[in-house]
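This report refers to the structure that appears directly beneath it.
Number of protein chains: 2
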Amino acid sequence: MSTIRDVARIAAVSTATVSRVINSPEVVSPETRNRVAKAMKACRYQYNALARGFVTQQSYTLGLIVPSITNPIFAESIRGVQDFAHREGYQALLGNSDYEYAKEARLCEVLRERQVEGLIITTTKLRGKVLRDLLDDHFPLVLLYSTVRKGPISAVGVDNFRGGYSATEHLIHLGHRRIAMLAGRFSFSDKSLHRWHGYKKCLRDHRIPYDPALVLQTQYALENGREGIKALLALEQPPTAVFCSNDFMAIGAMQGAREVGVALPEGLSIVGFDDMAIASYINPGLTTIRQPAYEMGRLGAEILLSQIKRRDGRPIHKILETGIVVRESTAGLTVCEPKRNSSLTSGKHV
Amino acid sequence: MSTIRDVARIAAVSTATVSRVINSPEVVSPETRNRVAKAMKACRYQYNALARGFVTQQSYTLGLIVPSITNPIFAESIRGVQDFAHREGYQALLGNSDYEYAKEARLCEVLRERQVEGLIITTTKLRGKVLRDLLDDHFPLVLLYSTVRKGPISAVGVDNFRGGYSATEHLIHLGHRRIAMLAGRFSFSDKSLHRWHGYKKCLRDHRIPYDPALVLQTQYALENGREGIKALLALEQPPTAVFCSNDFMAIGAMQGAREVGVALPEGLSIVGFDDMAIASYINPGLTTIRQPAYEMGRLGAEILLSQIKRRDGRPIHKILETGIVVRESTAGLTVCEPKRNSSLTSGKHV
DNA sequence: TTGTACGCGTTATCAC
DNA sequence: GTGATAACGCGTACAA
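Heads up: the protein sequence lines correspond to chains A and B, in order.
Just so you know, we're using the working numbering here: the first sequence kicks off at 384 and counts up by one.
Just so you know, we're using the working numbering here: the second sequence kicks off at 384 and counts up by one.
In structure tokens:
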């Protein structure tokens, strides 16, 4: 590889001039500019962005950690981050935590060693050493898919409480009273926790007793939805509807229900969370809570870059809107059933 | 940020010793090692991997360009690349081309400026300037999802011809004779082209006339499958089965068929390509051609790293196995229909 | 076992 | 408008 020194030698100028031709050509006289351009071609010169970063102390790189790149919802957010970052001359180093805190910690370490100027993380542990260390160092940081509304860390997310509330309310309005929830593990997903709170609050507002037997914590994948719903349907008093923490679980639940002979949506109403693209293409179409995934990523990148530029700035918290998208996976309950269920439930739990 | 110089000063050793503690601690006496370790903590020293790369002329970074990160099949491959790369101390800089050659070219440029040591690309144009330039520079390069079996560029892919052949054969065995194909545009997907060749060859082997009206080139997304199948079903002699270039198109086609009142699979058999995770969770389950996406990525990374280590090595071409996964989206044709179709078809095209 | 000194490719600061 | 040169943080001969 040839360097600006080679170019300088060939063009019979100094390295400073070559650098100027690259970074501010207008200050160089047209003739030398031309000579330099020719010299560059002659030795097939390739610019070294790392060397620049080395002297300017800017890597123009940011780190992006998501729990699972295979989930299209995160993939969308990654696109949002990239689109904004690229426009500003930044590249992103991407990592999966696979919902494991140890991997998240390791990635942070590696990415910081590589001099990323900031990090965008969908964290699996809000109160852990990883974030605390970052904070101690005043390291530019934005949380994605987070519900943090205040505090020292910038965050962009959605109102998960309200999302959970809307999902549940939709089911209640359809006449359901025995409503289950397939939730992501609260231990590493505050999202799921808040959705659960919304679910519980909505039940209470509608005077429906909360039955812990109807809430299952599991992982965010298809197979967990499938197995989860089977467990719930095997209960003595099975649910007539289920709210799932994400669309994968919901689609898994659909399949699980079918496998045990439950008709959809008549036998079981299902609500998901995310509104991934495929949700409107399956049968029945999935009723779900829409998250603006791309926009979240884009906004996260915007906030992070603004923080990198002015490191003294106050943290920014953005809560984007969700909305319920009603499709065919939810249906009204037949007249007598809710009565029966509710009386039994209340007899047991109130 | 403190540097090894700060550490050296505090520990009262030379920078060389600090460097040795980091890279080969065993050659340093335990006591100095300890002193250095303490000094590191004292000034909150953070290692700078970029500076190392700068002197060793190795960035330990590779570039990865895929057409669409939102497609889970590519996401799986990305995981495969990352898992292998991380184990070897490499990180990946990721970019989407969105199936646009200009973006692919731009990404190559940016990534090379950033000194990636090699590139893994799912290219949209096999014979373009981008690959030719890379090749001229003897730049370490591996093509992913490619069908190149020889030539100077390393590649890992599957036998798309055979995949297309199997898909078609499965449909023929079920009694179908009027078999359509929803194909990715041949102009930027040699994959799709080869699948189409397999499809045609299989028809010929079974003495079924090829009808160009049954082949639609479109994009690789859900909505294209949906609109594509509607166009095909609106033909005077509509197909009784369709082979789609990927699962997104197939799932889109399912929805499109439903929307025009065609029952699945009785009214239309559908075969996809990829076997993304969700394929077995939709209803009816999608019959599709399985690709080992994760394995492809892993192998691609392995080949690339081996090429980086010995740049003189011969190019390596790996064709992995595909296999048909039969689910419920394909069904036999009722007895008289194929006869009617085939006679009409042959009357028209033979 | 440890220290000295140089170089990696670029930008920035002075001079001229 | 241009040139000389000192950084940037680290690895690595080579010397001690």
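Yeah, the Cβ is synthetic: ideal placement off N, Cα and C, and Gly gets one too.
According to the DSSP secondary-structure assignment, A:F656 is paired through a beta bridge with A:I672. Taking the CA atoms as reference points, A:T398 sits about 47 angstroms from A:I456. B:V396 and B:L687 have their C-alpha atoms some 40 angstroms from each other. For B:L447, the beta-bridge partners assigned by DSSP are B:L477, B:I503. The alpha carbon of B:V539 has as its nearest neighbour, out of B:V709, B:I699, B:V708, B:A596, the alpha carbon of B:I699. Taking 7 angstroms as the threshold, the shortest C-beta distance from A:P455 to chain B falls below it. Within a 10 Å sphere around the beta-carbon of B:M637 sit 16 or more other beta-carbons, which makes this residue buried. Interface residue (Cβ-Cβ distance to chain A less than 7 angstroms): B:F656 is not classified as such. Going by DSSP, B:C491 is part of the alpha helix (DSSP H) stretching over 484 to 496. Contact with chain B is absent for A:N406, since none of that chain's Cβ atoms lies less than 7 angstroms from the residue's Cβ. Nearest neighbour of A:L618 by Cα position, chosen from A:A458, A:H469, A:D594, A:F631, turns out to be A:D594. In this structure, A:A422 lies near A:I393, with their beta-carbon atoms less than 7 angstroms apart.
If one requires a minimum length of 4 residues, the alpha helix (DSSP H) runs lying completely within the segment 663 to 712 of chain B are 676 to 692, in chain order. Judged by their CB atoms, B:S712 and B:L669 are nearer to each other than the 7 angstroms cut-off.
Interface residue (Cβ-Cβ distance to chain A less than 7 angstroms): B:E496 is classified as such. Per DSSP, reduced to three states, the secondary structure at B:S402 is helical.
For A:I691, the nearest beta carbon of chain B is not closer than 7 angstroms to its own beta carbon.
A:S537: member of the beta strand (DSSP E) spanning 537 to 541, first to last residue. For A:F437, the closest Cβ of chain B is nearer than 7 angstroms. Distance from the CA of B:A646 to the CA of B:P667, rounded to the nearest whole angstrom, comes to 11 angstroms. When DSSP states are grouped into helix, strand and coil, A:M564 belongs to the strand group.
B:K533 and A:T551 have their C-alpha atoms some 57 angstroms from each other. Residue-level contact check: A:N666 touches chain B, since one or more beta carbons of chain B fall below 7 angstroms from its beta carbon.
Its chain contains T444 as the residues whose beta carbon lies nearer than 6 angstroms to that of B:Q474, once the 5 sequence neighbours on both sides are disregarded; these appear in chain order. Using a 10 angstroms sphere on the CB of A:Q465, the tally of other CB atoms reaches 16 or more, which defines it as buried. Of all residues in the segment 417 to 444 of chain B, only Q429, Y430, N431, A432, L433, A434, G436, F437, S442 place a beta-carbon less than 7 angstroms from a beta-carbon of chain A. Residue environment: A:Q674 is assigned as buried (16 or more neighbouring CB atoms within 10 Å of its CB, all protein chains considered). Annotated three-state conformation of B:V598 is strand, per DSSP.
Assigned with DSSP and collapsed to three states, A:C585 falls in helix.
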